[in-house]
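Engineer: Sharing a structure, written as structure tokens. Questions coming.
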Amino acid sequence: MVKLIIPSFLGGLTLALAANLPVVPGPADNVLGDLGCNICQRVLEPIVALKGDNTKYTDIREALGNACDSLPVAQQKCENFVDVYGSLLVNFLEQDLGATAICAAVGLCEE
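Residues 15 to 125 (this note's numbering) make up the sequence shown, in order.
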């Protein structure tokens with residue numbers, strides 16, 4: 015198997031290209047700042063609770079976008095987070111990971 019890793023590309027995004035590796039953005043704390051762990055968990059917990067076996071990618075992506083509406087004080091930061099990390103979050107959600115594990119995986123919370 016051939017792996018190609020291109021560090022620090024396009025404004026801090028890190029690309030890891032291989033057969034089974036997703037494209038991984040840089041540390042999420044750059045997007046959310048000090049409230050990162052809290053915002054991440056508040057966005058993901060309701061989605062994790064509602065996700066079923068037949069939930070589609072587009073449904074999860076839409077739910078991520080709508081979740082920011084419940085955070086008026088941090089809505090813009092939340093929307094930036096979803097814009098940058100949405101695909102990666104959906105990938106983790108499809109693997110049935112919990113909110114804490116996902117937020118730790120993107121570097122926002124300690125597991």
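We put the beta carbon where it would ideally sit given N, CA and C, even for glycine. Since the structure is predicted, the reported quantities are computational estimates derived from the model, not experimental observations.
Between the stretch 95 to 110 and the stretch 50 to 60, are three or more C-beta pairs nearer than 8 Å?
Structural biologist: A contact between stretches requires three or more CB pairs, one per stretch, nearer than 8 Å, and the stretch 95 to 110 meets this requirement with the stretch 50 to 60.
Engineer: Which of the three DSSP states is assigned to Leu85 in this structure?
Structural biologist: Position 71 of the sequence shown, counted from the start, is the residue given in the question as residue 85. DSSP places Leu85 in coil when its eight states are reduced to three.
Engineer: Counting C-beta neighbours from all protein chains within 10 Å, is the total for Glu124 16 or more, i.e. buried, or is it exposed?
Structural biologist: For the purposes of this step, residue 124 is identified with residue 110 of the sequence shown, where counting begins at 1. By the neighbour-count rule (16 or more Cβ atoms within 10 Å), Glu124 is not buried but exposed.
Engineer: When the Cα of Val96 is compared with those of Gly112, Leu111, Lys65, Cys117, which residue comes out closest?
Structural biologist: Walking along the sequence shown from the start, residue 96 turns up at place 82. When only C-alpha atoms are compared, the closest one is Cys117.
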